[in-house]
Amino acid sequence: TPRVFSGIQPSGNLTLGNYLGALKRFANSQNAGVESIFCMVDLHAITVWQEPQKLRRATRELAAGFIASGIDPQKSILFNQSQVPEHTQLAWVFNCVARMGWMKRMTQFKDKAGKNAEQASLGLFGYPALMAADILVYHATHVPVGEDQKQHLELTRDIAIKFNNDYGVDFFPITEPVIEGAATRVMSLRDGTKKMSKSDPSDMSRINLTDDADTIAKKIRKAKTDPEPLPGDAGGLEDRPEARNLVNIYAALSDQSVDQVMRDAGGKPFSEFKPMLADLAVDKLAPISTEMGRLMQDVSEIDRVLADGAERARAIATPILQKTYEIAGMVGAR
Ligand code: TYM
Numbered sequence: 223t224p225r226v227f228s229g230i231q232p233s234g235n236l237t238l239g240n241y242l243g244a245l246k247r248f249a250n251s252q253n254a255g256v257e258s259i260f261c262m263v264d265l266h267a268i269t270v271w272q273e274p275q276k277l278r279r280a281t282r283e284l285a286a287g288f289i290a291s292g293i294d295p296q297k298s299i300l301f302n303q304s305q306v307p308e309h310t311q312l313a314w315v316f317n318c319v320a321r322m323g324w325m326k327r328m329t330q331f332k333d334k335a336g337k338n339a340e341q342a343s344l345g346l347f348g349y350p351a352l353m354a355a356d357i358l359v360y361h362a363t364h365v366p367v368g369e370d371q372k373q374h375l376e377l378t379r380d381i382a383i384k385f386n387n388d389y390g391v392d393f394f395p396i397t398e399p400v401i402e403g404a405a406t407r408v409m410s411l412r413d414g415t416k417k418m419s420k421s422d423p424s425d426m427s428r429i430n431l432t433d434d435a436d437t438i439a440k441k442i443r444k445a446k447t448d449p450e451p452l453p454g455d456a457g458g459l460e461d462r463p464e465a466r467n468l469v470n471i472y473a474a475l476s477d478q479s480v481d482q483v484m485r486d487a488g489g490k491p492f493s494e495f496k497p498m499l500a501d502l503a504v505d506k507l508a509p510i511s512t513e514m515g516r517l518m519q520d521v522s523e524i525d526r527v528l529a530d531g532a533e534r535a536r537a538i539a540t541p542i543l544q545k546t547y548e549i550a551g552m553v554g555a556r
């Protein structure tokens, strides 16, 4: 039976990229009736320094973002990673399965560690093994993510395959990355060749899920574009990264294909298309920001959701971890 798992780091500032690449699609899989497990990966967040006070707030705000995006904590499981210790326990086993060379090839590690890799935390290096454990400790079969997580999911498959081979079992499933739709890679509003990211120093480069209606409209009005009107069809977007990004965002927000959007908007100048996009974005995103604000007023409700989710997640993870230990020859495993 299919089971969906995905995670988001509580490292502040949920962006439109997180929404379109992840949250909105999570709500779809939940609503299609697939058992879905979603995790605030606080242990991944601390692979780079986090102020404890900020991490606490970001974790709760992320949970609020999930709920405000339409993820129902009754239907889906919502929890934070640190509260289900089986993730790190399985990650240790995977640390012993994965090879140093596999980790060294990870582009995200190279980007995040920068030139001074010797100063990066060991956790940042081992990050993908923990991510594989997040997924496989539930035997999840489908993992919806944005484009930037593709390499990590390939590594997850490699770890599952090597574990199964080493121990001669058919135990861990080979998970399917689910990277689909118009907005699997939302780009910066200031530079169409850079990913929209919560860590970009310019706040104008991204739309935050906590932005109010005026801020959203202003950021779209000021988004970088080239001077030409939109082309007549999707093919004409090829070499125009900024135009393509705005059209992709429009398509994803309105649940249309890029071709459909181009049928209505093709040939329009940005002076017409941007207000259309701003209206649509405000329409879809402002209610989320309002609901997040409401949920954050009394965090006890959020804390209850996370505690309940952790308990339900553990009930699935414990037997899978114990079986893993048994396969690996640990005495006492149940
Ligand atoms: P994170 O926290 O960076 O991002 C969360 C999700 O948002 C997607 N995303 C984007 N999608 C489209 N355009 C963008 N500009 C954009 N920016 C972010 C990401 O692809 C991701 O789906 N390693 C993961 C967290 C993680 C995880 C997991 C994911 C930990 N364990 C297990 C899936 C399964 C990360 O850092 O995502």
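Under my numbering, the first residue of the sequence shown is numbered 223, with each subsequent residue one higher. Yeah, the Cβ is synthetic: ideal placement off N, Cα and C, and Gly gets one too.
- The bridge partners DSSP lists for Lys417 are Met409.
- Look at the segment 278-311 and you find these whole runs of beta strand (DSSP E), each 3 residues long or longer: 299-302.
- Cβ contact annotation for Gln231 (same chain, cutoff 7 Å, sequence separation greater than five): Val263, His266 and Ala267, in chain order.
- Fully enclosed beta strand (DSSP E) runs of no fewer than 3 residues are not present anywhere in the segment 418-452.
- Between Thr540 and Asp501, the alpha-carbon positions lie close to 47 Å from each other.
- Comparing C-alpha distances from Gly255 to each of Ile524, Asn235 and Thr223 shows the shortest one belongs to Thr223.
- Residue range Asp264 to Ala267 is occupied by the alpha helix (DSSP H) that includes His266.
- As far as DSSP is concerned, Gly323 takes part in no beta bridge.
- In this structure, Phe347 is the residue among Ala320, Phe347, Met322 and Phe316 with its C-alpha nearest to the C-alpha of Phe331.
- With respect to the C-alpha of Leu452, the residue from His361, Asn470 and Thr329 having the closest C-alpha is Asn470.
- Remark: the shortest separation between the CB of His374 and any heavy atom of ligand 1 falls under 7 Å.
- Cβ-Cβ distances below 7 Å link Val306 to Ala532, Ala535, Arg536 and Ala539 in the same chain, with the five nearest sequence neighbours on each side left out; the list follows chain order.
- The Cβ atoms of Ala474 and Leu242 sit closer than 8 Å to each other.
- The nearest non-hydrogen atom of ligand 1 is less than 7 Å from the C-beta of Leu242.
- In this structure, Lys417 has its CB closer than 7 Å to one or more heavy atoms of ligand 1.
- With respect to the C-alpha of Tyr389, the residue from Leu468, Glu523 and Val315 having the closest C-alpha is Val315.
- Closest in alpha carbon position to Lys444, among Val480, Ser493, Val408 and Asp486, is Ser493.
- For Phe227, there is no enclosing alpha helix (DSSP H); the residue is part of the beta strand (DSSP E) that begins and ends at Arg225 to Ile230.
- When secondary structure is reduced to three states using DSSP, His364 falls in the strand class.
- In this chain, the alpha helix (DSSP H) harbouring Glu494 covers Phe492 to Gln519.
- In this structure the segment 277-294 does not touch the segment 408-421; the number of beta carbon pairs closer than 8 Å is below three.
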